[in-house]
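The block underneath contains the structure these notes are about, expressed in structure tokens.
There are 2 protein chains.
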Amino acid sequence: MNLSIAEENYIKSIYKLEEGQEPVSTNALAYELDTKPASVTDMAKKLKEKKLIAYEKYQGINLTTDGKKAALQIIRRHRLWECFLVEKLSFSWEEVHELAEELEHVRSEKLTNRLSEFLGNPLIDPHGDPIPDAQGKLGKPRVQSSLHKSKANRLEVMAVSDKSTALLEFLNTKGVRLGTQLEVIERYEFDNSIEIKIKNQPAFTISEQVAKNIMVKPI
Amino acid sequence: MNLSIAEENYIKSIYKLEEGQEPVSTNALAYELDTKPASVTDMAKKLKEKKLIAYEKYQGINLTTDGKKAALQIIRRHRLWECFLVEKLSFSWEEVHELAEELEHVRSEKLTNRLSEFLGNPLIDPHGDPIPDAQGKLGKPRVQSSLHKSKANRLEVMAVSDKSTALLEFLNTKGVRLGTQLEVIERYEFDNSIEIKIKNQPAFTISEQVAKNIMVKPI
DNA sequence: TAAAATATTTAGATTTACCTAAATTTTATT
DNA sequence: AATAAAATTTAGGTAAATCTAAATATTTTA
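In order, the protein sequences belong to chains A and B.
Numbers 1 to 219, taken from our numbering, label the letters of the first sequence in order.
Numbers 220 to 438, taken from our numbering, label the letters of the second sequence in order.
What follows is the structure, given as structure tokens:
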């Protein structure tokens, strides 16, 4: 199955928005792809034709087995390129997402597998997300809980789920990266903001929005 | 100036076909790009609008200064990716051209320069072609002569000008690669074929077509 | 449950990069 | 130089992926 770049981007976004078997709505997908609902409807018809999604008028979208397979290939390429950019070309984690969005569309299994090998077959990308293997198997779905839900007070950063440059840059300047160990100083109930501290650094406060996007595990 | 992939491919091909100040013909460009002359005319109007080429009806095409600058950037990216694929991912020289055709369209100066650095700022690509530097300066235009013109009989392979998979595969199986030292056994006048030998290998004959595409220097 | 609000789809355009067929210009040949 | 051949351009069309505006479904709410 030969997919265009636009088709690949739709498949990837549907995969991202699909939680369990809940169908993805036209509006949600349009918002995610920064396009108009009418365009989504058009593309849905095409992807249904190609048997990559299940779609009935007004009923939302789900990936088929083939669609999921395709999505995992794209995600594999994306995350491997992110690893390459960070580990080999010394990019920082907030810079790699946009570049990987472009590199991921070079569809060559041989290239992908050689790249993986070159990187030592990494299991997670620089944001903490697992990398599907050549067969499209995802190690373990991320089971970390987000900082805003965690009960414990000594935590390690395992992943960041929002890859927007702005958030990652903010975390960078605060010294928060993968593997960073945090201490929760205070949780403020009125706005769910959290005061945290990294060893040898001044404490600082993050909003609920930010806390939701930081995945942690207790230490 | 933001160029589409199609525009970049036109610019690259015009650069390739331009020898001195001879304008590139519509037909030649159509053939090179595997498209129709009418399509070339369409694109020529657009590229003229963008001031990347000089073009007058029926008069052929030349790159402007800006056009040349753009071409050299694309060629830089192409050749750096070829180096990466061969040196880091162990691809053989006949496999890399197609992949580099895709990778070259990721337009990020930062990525390009980091990649160059990672590779040790190489000066030539796996086919022997020089790599433009970050400012778009080409080390030295290739001054090697092709095997079918050379007078000397002991020669070293400096480059291969036709990057078609078929030719490169043929040379590969014969043991001909960059830096290989050849001895000319015989030149046959009737068809301009040449019998050559590599040390410790049986001699073999190549056609004029092939000889034209092997760039050599005497040793 | 009927009206209002929201979500989705359809209809009809637009842009990019192609195409074919016909018209025009340039070049080559008698 | 006139005509034939070749090259190039124009005119009009197509497919992909968008868009806006209008029509239709679904969901919410009063």
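All residues carry an ideal CB built from backbone N, CA and C; glycine is no exception.
Three or more Cβ pairs closer than 8 Å define a contact, and the segment 55 to 67 of chain A falls short of that threshold against the segment 81 to 101 of chain A. Not flagged as an interface residue toward chain A: B/L387, since no C-beta distance is shorter than 7 Å. Three or more beta-carbon pairs separated by less than 8 Å are not found between the segment 341 to 357 of chain B and the segment 418 to 428 of chain B, which leaves the two stretches without contact. Restricted to the segment 367 to 420 of chain B, the beta strand (DSSP E) segments that are unbroken, complete and at least 3 residues in length are 373 to 379, 400 to 407 and 412 to 417, listed in chain order.
Close to chain B, meaning a Cβ-Cβ distance shorter than 9 Å, are the following residues of the segment 111 to 138 of chain A: L111, R114, L115, E117 and F118.
B/M434: member of the beta strand (DSSP E) spanning I433 to P437, first to last residue.
Straight-line measurement puts the Cα of B/Y274 at about 15 Å from the Cα of B/L236. The way I'd put it, the segment 184 to 195 of chain A doesn't touch the segment 226 to 236 of chain B; fewer than three beta-carbon pairs between them come closer than 8 Å. Residues of chain B with a Cβ closer than 9 Å to the Cβ of A/S108 are, in chain order, E317, L318 and E321. At a cut-off of 7 Å between beta carbons, A/K88 contacts chain B.
Across the structure, A/M1 and A/L47 are spaced so that their CA atoms are roughly 11 Å apart. For A/T205, no alpha helix (DSSP H) segment is defined; the enclosing uninterrupted segment is the beta strand (DSSP E) at F204 to I206. With distances taken between CA atoms, A/E186 lies nearest to A/A211 out of A/A211, A/K174, A/G175 and A/D162. Bounds of the alpha helix (DSSP H) holding A/L115 are E109 to F118. Under the 10 Å beta carbon count, B/D348 is surrounded by 16 or more other beta carbons and is classified as buried. No Cβ-Cβ contact shorter than 7 Å links B/H316 with B/K255. With a 10 Å radius around the Cβ and a threshold of 16 neighbouring Cβ atoms, A/P132 comes out buried.
The shortest CA-to-CA distance from B/R296 to any of B/K270, B/L271 and B/R326 is the one to B/R326. About 13 Å separates the beta carbons of B/I415 and B/E427, which is beyond the 8 Å limit, so they are not a contact pair. Under DSSP, A/S146 forms a beta bridge with A/M215. Setting aside the 5 residues that flank it on each side, B/L366 is surrounded in the same chain by A430, I433 and V435, each with a C-beta closer than 6 Å to its C-beta; the list follows chain order. One thing to note: B/F310 has its Cβ no nearer than 7 Å to the Cβ of A/K88. Burial state of B/T392 is exposed, judged by a 10 Å Cβ sphere holding fewer than 16 other Cβ atoms. CA-to-CA, the gap between A/Q135 and B/T399 works out to about 39 Å. Of all alpha-carbon atoms in B/E313, B/S364 and B/P437, the one lying nearest the alpha-carbon of B/A385 is that of B/E313. By the Cβ neighbour-count rule, B/Q292 is buried, with 16 or more other Cβ atoms within 10 Å of its own. Distance from the CA of B/G394 to the CA of B/V376, rounded to the nearest whole angstrom, comes to 11 Å. Under the three-state reduction of DSSP output, A/N62 falls in the strand class. Under the three-state reduction of DSSP output, B/V325 falls in the coil class, being neither helix nor strand. Residues of the same chain with a CB within less than 6 Å of the CB of A/S150, apart from the 5 flanking positions on each side, are V216 in chain order.
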